[in-house]
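All you need for the numbering used here is the position in the sequence shown, starting with 1, plus 15.
Just so you know, even glycine gets a beta-carbon here, dropped at the ideal spot from N, CA and C.
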Amino acid sequence: MPYINKYSPLFIALLFHVTGLLGILFTPYKDWFINNTPVVLLTMFLLLTNSQIKSFKAYSLFSFIAFITGMVTEIIGVNTGLLFGDYAYGQVLGPKIYGVPILIGLNWFVIVYCSGALIKQGVELLQNKLNIKITGLAYSIFVVIGGATIATCFDFILEPVAVKLHFWSWKNGQIPLLNYLCWFIISAILLGVKIFFKNIRINTFATSLIIIQALFFLMLNLFL
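Laid out in structure tokens, this is it:
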């Protein structure tokens with residue numbers, strides 16, 4: 016049974032995203048698939064959480080911090096335009112708090128956490144292959160900057176698709192550079208906080224999830 020438990024989240028994530036991709040691009044039920052986006056996002060969060068078999072307390076605390084940070088910054092952004100730019104959320108992503116869907120807070124956590132896991136796994140692979148040791152402050156800086164870059168690149172892929180699917184909209188249809196700058200800075204801050212939770216073990220599903228979601232939005236970018 017351990018084999019099934021290990022690969023079940025990966026299979027479910029692939030099933031949801033491949034089915035969603037085909038449904039949006041090639042079936043007359045495009046709107047149904049789009050309107051069920053909240054189900055997919057919540058399911059991915061639950062799969063990620065269920066896959067965290069160790070360090071669960073630290074994982075839970077960091078997820079709460081990332082959720083609150085994401086919600087607060089988005090609420091400021093939506094209501095003032097001081098962060099990210101001038102934008103507004105549509106109805107697709109479900110219930111809102113001060114104009115921001117609750118799922119957006121979860122999404123901030125998932126993207127940042129998975130980006131951090133991916134860069135950490137990349138660093139470990141680099142060290143093992145090249146026999147290079149990155150430790151201490153250099154390691155922390157590498158993980159923070161690298162993870163924030165991954166998270167920002169993910170948002171860059173996501174943004175055009177999100178607008179097309181009516182997740183949110185930008186004033187004059189223009190995505191400002193401020194959006195990506197804020198994504199990088201906030202992601203870097205959260206990843207910096209995560210470093211203090213040294214006992215959070217790498218969740219292997221997290222690296223798979225960020226890659227699956229990035230490919231999903233990249234394909235929609237190309238063909239939608």
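Check: Buried versus exposed call for Asn143 [16 or more other C-beta atoms within 10 Å across all chains shown]; Outcome: exposed
Check: Spatial distance of Val107 from Phe48 (CA atoms); Outcome: 11 Å
Check: Spatial neighbours of Phe77 in its chain, beta-carbon cut-off 6 Å, leaving aside the 5 residues before and after; Outcome: Lys209 and Phe212
Check: Three-state class that DSSP yields for Tyr154 in the structure shown; Outcome: helix
Check: Residue from Tyr104, Ser23, Ile201 and Tyr102 whose Cα sits closest to the Cα of Ile126; Outcome: Ile201
Check: Bridge partners - Trp183, DSSP secondary structure assignment; Outcome: Tyr104
Check: Per-residue DSSP class, three states only, for Pro24; Outcome: helix
Check: Cutoff 6 Å; reference Ile160; Cβ partners in own chain excluding five residues on either side; Outcome: none
Check: Contact belief for Leu224 with Met59 at Cβ below 8 Å, rounded distance in angstroms; Outcome: 6 Å
Check: Ile68 beta carbon near the ligand SAM (any heavy atom closer than 6 Å); Outcome: Because no ligand of any kind appears in the structure shown, any question about the ligand SAM cannot be addressed here.
Check: The segment 129-143 touching the segment 151-168, judged by at least three CB pairs closer than 8 Å; Outcome: yes
Check: Start-to-end residues for the alpha helix (DSSP H) that takes in Pro43; Outcome: Careful: Pro43 lies outside any alpha helix (DSSP H) and carries neither H nor E.
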